[in-house]
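Q:
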Amino acid sequence: MERVQIWDPTKEEVEVARKWPTWTKEVSTFDWYYDEPEQFYVVEGEVEVTLDDGTVVSFSAGDMVRFSVGVKCTWNVKKDVLKHYKFG
2 MERVQIWDPT KEEVEVARKW PTWTKEVSTF DWYYDEPEQF YVVEGEVEVT LDDGTVVSFS
62 AGDMVRFSVG VKCTWNVKKD VLKHYKFG
């Protein structure tokens with residue numbers, strides 16, 4: 002299984018995601034560790050994430066993203082982010 006998956010969600014996936022809680026973050030850089038899987042839908046913003054193995058992934062408004070458990074990374078929020086998210 003890929004550590005990070007990014008895809009263009011279906012209309013139905015977006016409708017479901019919009020019922021999840023929201024999280025916002027201003028332009029910043031921070032380290033993160035996923036002690037459980039997280040899936041989220043990006044409503045606004047742009048982010049570049051560097052994984053602990055050096056892999057860089059980017060996502061922005063309109064993307065659906067899933068991080069697997071155990072991922073250690075650094076988030077670089079390039080444009081303020083608003084996302085709907087769920088853990089587990």
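To convert, count from 1 in the sequence shown and add 1; that's the numbering used here. Beta carbons are placed, not taken as given, at the ideal position from N, Cα and C, and that holds for glycine.
1) By the DSSP assignment, the alpha helix (DSSP H) with V70 in it spans what residues?
2) From the DSSP output, read off the bridge partner residues of K80.
3) Who does V28 pair with in a DSSP beta bridge?
4) Please return the same chain residues whose Cβ sits closer than 6 Å to the Cβ of V5, not counting the five positions on each side in sequence.
5) Under 8 Å between C-beta atoms, does V66 make it to chain B?
A: According to the structure data:
1) The count along the sequence shown starts at 1 and reaches residue 70 at position 69. Unbroken run through V70: none, as it is neither H nor E.
2) On the sequence shown, residue 80 is found 79 positions in, with the first residue counted as 1. K80 pairs with E47.
3) One-based indexing of the sequence shown puts residue 28 at position 27. By DSSP's assignment, V28 forms no beta bridge with any residue.
4) Position 4 of the sequence shown, counting from 1, holds the residue named residue 5. Setting aside the 5 residues that flank it on each side, V5 is surrounded in the same chain by V58 and F68, each with a C-beta closer than 6 Å to its C-beta; the list follows chain order.
5) This model lacks chain B altogether, as it is built from one protein chain only.
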